[in-house]
Ligand SMILES: [Zn+2]
Ligand SMILES: [Zn+2]
């Protein structure tokens, strides 16, 4: 066994987020001990995702076909579109089971200082969908930070002519946390967004 | 070594899975880039304190001759949330932040610029006017040594009204004829005598008093056109925030 091939795998694994040298070593030796079949499926899964993954032509989710499984699912509420920044956001919202409509991925957020202008995001495509599909509600689920907020404000403006209900996901404190540790901006937002019990 | 100072966030850039690179204008160290671990996680102790324009008391670890200082703490002194919530106001401040990031050298304290930014942000919180942003540009260029020269020709001192962008100065007619290179004569912005006077006034007056000055739309656009041309020429690239503003301008919220 050459030291080189194990070291190479360790180096590759260390490129993953949250993986330091120790964990990478553990994983590398685990892979080494894996049955051939399992190791092969793992490496195939990795190469497949880079070869076959592409953006859904309607919502820009990650898919391996022209249209993603959510857009092609007839049972979903087609009158509602939830707008997110990244495909990964769809994953977590789906896992929460809180939304049964369609999505639209912007592939980023507006950032004047970084030169991210509206034409660099999938905003024109969103307007086109709203215009042609009789959308009733657009739920803006961009991140609750400055860029996400700016994007939300901008979307609200450009969606106004389409006579569609534009909503924003609520701001508030993370569940399971203590008010004592919340910062003043988060707390103020939570207070402003309070609702009747 | 652990350092403590006050700082204003100029921008942040996502890094890796949940980390941020945060650029601060600090009181004691000037412009610094820092690395913050995991502020994008929902329960991060940094909370919203790393959002642009937040004014905080910060601590960071910096080892000599090593890469990025690591931000260890950030306690909000003033969040300046209102400045971020208004689209057009945030655009004005983004331009100010962009300018500050691009002109200031890293790690050199410039207390004048720090207090100027803090003051302008406070003023913009009560009135997010374009004049306040213009005043920042003028004072900032002065404090960093990049101010355009409008008070007389750079060559002979005689008065003139043609500001030559490539020279960073007004050049009088007689001296213009003596310039050899055709490229030296390019990019002229004609300024009225009133605009030049206004510029000198804004430069000389105390920031807090400038809000009282009445500025005609004409003079305002002459001066801001000249400053932007001067800034873009000095940076040798367009101001990104300005490009952004142009692209979003058909919408009412960005007009104001
Ligand atoms: Zn899709
Ligand atoms: Zn002259």
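Residue numbers (the numbering used here), protein chains in the order written: chain A, 1 to 197; chain B, 1 to 256.
C-beta: ideal position from N, C-alpha, C; glycine also.
All of these numbers come straight from a predicted model, not from anything done at the bench.
Is the shortest distance between the beta-carbon of residue i and the beta-carbons of chain D less than 9 angstroms?
i: residue 112 (chain A); result: You won't find chain D in this structure, because its protein chains are A and B.
Does residue i pass the burial test, meaning 16 or more other C-beta atoms within 10 Å, or should it be called exposed?
i: residue 256 (chain B); result: With a pLDDT of 36 at residue 256 (chain B), under the threshold of 50, the modelled position of this residue cannot be trusted; read the value that follows with caution. Answer is exposed; the Cβ neighbour count stays below 16.
i: residue 41 (chain B); result: exposed
i: residue 12 (chain A); result: exposed
i: residue 226 (chain B); result: buried
i: residue 139 (chain B); result: buried
i: residue 15 (chain A); result: exposed
i: residue 28 (chain A); result: buried
i: residue 237 (chain B); result: exposed
i: residue 36 (chain A); result: exposed
i: residue 105 (chain B); result: exposed
i: residue 151 (chain A); result: buried
i: residue 13 (chain B); result: exposed
i: residue 30 (chain A); result: exposed
i: residue 21 (chain A); result: exposed
i: residue 126 (chain B); result: exposed
i: residue 4 (chain B); result: exposed
Can you tell me whether residue i sits near ligand 1, meaning its C-beta is under 8 angstroms from at least one heavy atom of the ligand?
i: residue 70 (chain A); result: yes
i: residue 82 (chain A); result: no
i: residue 102 (chain A); result: yes
i: residue 63 (chain A); result: yes
i: residue 58 (chain A); result: yes
i: residue 139 (chain A); result: no
i: residue 67 (chain A); result: yes
State yes or no: is the C-beta of residue i nearer than 8 angstroms to some heavy atom of ligand 2?
i: residue 149 (chain B); result: no
i: residue 196 (chain B); result: no
i: residue 158 (chain B); result: yes
i: residue 155 (chain B); result: yes
i: residue 174 (chain B); result: yes
i: residue 171 (chain B); result: yes
Per DSSP, which one or two residues make a beta bridge with residue i?
i: residue 15 (chain B); result: B:19
i: residue 3 (chain B); result: B:60
i: residue 34 (chain B); result: B:22
i: residue 189 (chain A); result: Looking at the DSSP assignment, residue 189 (chain A) forms no beta bridge with any residue, so it has no partner.
i: residue 76 (chain A); result: Per DSSP, none; premise fails for residue 76 (chain A).
i: residue 74 (chain B); result: B:58
i: residue 104 (chain A); result: A:83
i: residue 165 (chain A); result: A:137
i: residue 106 (chain B); result: B:31
i: residue 164 (chain B); result: B:169 and B:188
From the options, pick the residue whose C-alpha is nearest to that of residue i; which is it?
i: residue 108 (chain B); options: B:240, B:25 and B:18; result: B:25
i: residue 82 (chain A); options: A:106, A:173 and A:146; result: A:106
i: residue 193 (chain B); options: B:159, B:202, B:78 and B:164; result: B:159
i: residue 127 (chain A); options: A:88, A:159 and A:94; result: A:159
i: residue 7 (chain B); options: B:91, B:117 and B:126; result: B:117
i: residue 190 (chain A); options: A:10, A:144, A:153 and A:39; result: A:144
i: residue 58 (chain A); options: A:181, A:162 and A:130; result: A:130
i: residue 147 (chain A); options: B:29, B:11, B:4 and B:2; result: B:11
i: residue 173 (chain A); options: A:166, A:155, A:192 and A:157; result: A:192
i: residue 62 (chain B); options: B:32, B:175, B:222 and B:146; result: B:32
i: residue 60 (chain A); options: A:102, A:149 and A:31; result: A:102
i: residue 244 (chain B); options: A:187, A:65 and A:117; result: A:117
i: residue 143 (chain B); options: B:87, B:170, B:204 and B:126; result: B:204
i: residue 167 (chain B); options: B:215, B:230 and B:137; result: B:230
i: residue 198 (chain A); options: A:32, A:17 and A:18; result: The displayed coordinates of chain A run from 1 to 197. Any statement about residue 198 (chain A) would go beyond what the structure contains.
i: residue 149 (chain B); options: B:15, B:164, B:135 and B:23; result: B:164
i: residue 137 (chain A); options: A:113, A:163 and A:119; result: A:163
i: residue 131 (chain B); options: B:195, B:82 and B:211; result: B:211
i: residue 99 (chain A); options: A:87, A:76 and A:110; result: A:76
i: residue 28 (chain B); options: B:50, B:112, B:133 and B:235; result: B:112
i: residue 104 (chain A); options: A:149, A:135 and A:53; result: A:135
i: residue 20 (chain B); options: B:47, B:170 and B:4; result: B:47
Using a threshold of 9 angstroms, state whether the C-beta atoms of residue i and residue j are closer than that.
i: residue 267 (chain B); j: residue 54 (chain B); result: No statement about residue 267 (chain B) is possible, as the shown extent of chain B runs from 1 to 256 and does not include it.
i: residue 162 (chain B); j: residue 189 (chain B); result: yes
i: residue 70 (chain B); j: residue 114 (chain B); result: no
i: residue 80 (chain A); j: residue 139 (chain A); result: yes
i: residue 90 (chain A); j: residue 70 (chain A); result: yes
i: residue 108 (chain A); j: residue 85 (chain A); result: yes
i: residue 123 (chain B); j: residue 207 (chain B); result: yes
i: residue 177 (chain A); j: residue 186 (chain B); result: no
i: residue 74 (chain B); j: residue 56 (chain B); result: yes
i: residue 64 (chain B); j: residue 242 (chain B); result: no
i: residue 134 (chain B); j: residue 223 (chain B); result: yes
i: residue 269 (chain B); j: residue 22 (chain B); result: Residue 269 (chain B) falls outside the range modelled here, since chain B spans only 1 to 256, and no answer is possible.
i: residue 119 (chain B); j: residue 155 (chain B); result: no
i: residue 154 (chain A); j: residue 248 (chain B); result: yes
i: residue 181 (chain A); j: residue 92 (chain B); result: no
Hey, would you say the C-beta of residue i is under 8 angstroms away from at least one heavy atom of ligand 3?
i: residue 120 (chain B); result: The model depicted lacks ligand 3 and carries ligand 1 and ligand 2 instead.
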